[in-house]
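Taking it in order: structure first as structure tokens, then the write-up.
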């Protein structure tokens, strides 16, 4: 909040705060790697890329992974026959506020081995960019769009990085960030005006709109079955 | 009403009829544009009787209020008793829009479009706290009362209102129709597209009424700028 002496614009004058100030996201004490077969395997294979390991809620193993190597680690987890994390349950993000880095969370499930694993990548506020995993799991497409929409994290090489929940003409930022004011940044009158000027075509790709199609654009009927019936004896 | 010319062939436009009435006798004449006459009051009575006893609702149910709306239509409460024989799921065959539930900004143009597709005469019920005022959802994503999007005739309070509440609101619509007159057609049905969809009060009036933390219609400067840190926007891909 503001102090008494300063104006509301002081925060604007001071410029951005980054996570350089030694602020870190909360972490539990290191867990026991022997409780989960994938943890020790990851630590031996990737070494320094595995930053931290902890156990939450009794049996949920959480690994903090170097954000620049997330795709490499996840690809190995999906393809290695001992791991086979073939189901990406969720991609989401956490903002702890106060300039702390944002966490991108990957929740994995191995159908064959019946094992769950959670990976977290920390991104500083001045570098909100991470490799997309749409190439590994197709389901990451909309999940990463949601994270981009609500947290402003850019996913590199994402095929279609657009807003998915908020309107396409939304220009107030990313609502789930801790620095986002509860009621948005614009006045209610301006929000209403922008909402009414939405164009629903913006929510769809040109290919998706073609599926519905105008009647005149329907593909021509195939050459008639009458010719074939002549050939049949 | 098919009002016909002296030769009985050309149908007059309503504006011409109005002009005809005004240039008639000083007491309003047969058409009654200067005041009610026997003919116009009886026609009004018949038309209003027909209108108020055959209101077809267009359900716009977005949340828990819609459950109560469905209960109102079901046999225990039975909206059909009041002439709302069926829910009309096409806006073109509906007379009264029941907006039941919260409306996010992304849905605002949809609601507006459905209202525009309904034919006159049409009425609107705002059912529940969220549709009427935003309710507890005083947040970035929620329309703060659908009267900022479309004109509303009756607000039904409650969270959600019981079926009795909705039925009472619809009976208020019926009472409102009872008092209408065809002579007031233009004033009752006026919809200026340039003003509808905007809050009536201007920004200064709203700011004067706002408390320290803003109100649901407009935030004051504190509520939008009091942040612990400036947003980092350099990498954002804003549209």
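Protein chains in written order, with the working numbering: chain A, 1 to 233; chain B, 234 to 472.
Beta carbons: idealized from backbone N, C-alpha and C, even for Gly.
In chain order, 333, 334, 360, 361 and 393 place their CB closer than 6 Å to the CB of residue 298 of chain B, counting only its own chain and leaving out the 5 sequence neighbours on each side. Check the Cα spacing between residue 66 of chain A and each of A/106, A/186, A/195 and A/202: the tightest is with A/106. Taking every protein chain shown into account, the CB of residue 275 of chain B has fewer than 16 other CB atoms within 10 angstroms, so this residue is exposed.
At least one CB atom of chain A sits nearer than 8 Å to the CB of residue 342 of chain B. Residue 84 of chain A is positioned such that its CB atom lies closer than 8 Å to that of residue 113 of chain A. In this structure, the beta-carbon distance from residue 160 of chain A to residue 141 of chain A falls below 8 Å. Around the beta-carbon of residue 282 of chain B, fewer than 16 other beta-carbon atoms lie within 10 Å, marking it exposed.
Secondary structure note for residue 363 of chain B: its alpha helix (DSSP H) is the uninterrupted segment 361 to 366. Close partners of residue 377 of chain B in chain A (Cβ separation under 7 Å): 188. According to the DSSP assignment, residue 120 of chain A belongs to the beta strand (DSSP E) that extends over 115 to 123. The alpha-carbon separation between residue 146 of chain A and residue 45 of chain A amounts to approximately 31 Å. The three-state secondary structure of residue 269 of chain B, taken from DSSP, is coil.
Under the three-state reduction of DSSP, residue 333 of chain B is assigned to strand.
Looking at the backbone, the Cα of residue 30 of chain A and that of residue 58 of chain A are separated by about 13 Å. DSSP places residue 392 of chain B outside both helix and strand once states are collapsed to three, so it counts as coil. Going by C-alpha positions, residue 330 of chain B is about 48 Å away from residue 123 of chain A. For the pair residue 41 of chain A and residue 73 of chain A, the CB atoms are not nearer than the 8 Å cut-off.
For residue 399 of chain B, the CB contacts under 7 Å within the same chain, skipping 5 residues up- and downstream, are 301, 302, 305, 360 and 389 in chain order. Using a Cβ-Cβ cut-off of 8 Å, residue 184 of chain A counts as an interface residue toward chain B, since at least one Cβ of chain B sits closer than that to its own. Take the alpha-carbon of residue 172 of chain A and the one of residue 186 of chain A: they are about 7 Å apart.
Taken through DSSP and simplified to helix, strand or coil, residue 92 of chain A comes out as strand. Its Cα nearest to that of residue 411 of chain B, the residue B/285 stands out among B/285, B/327 and B/273.
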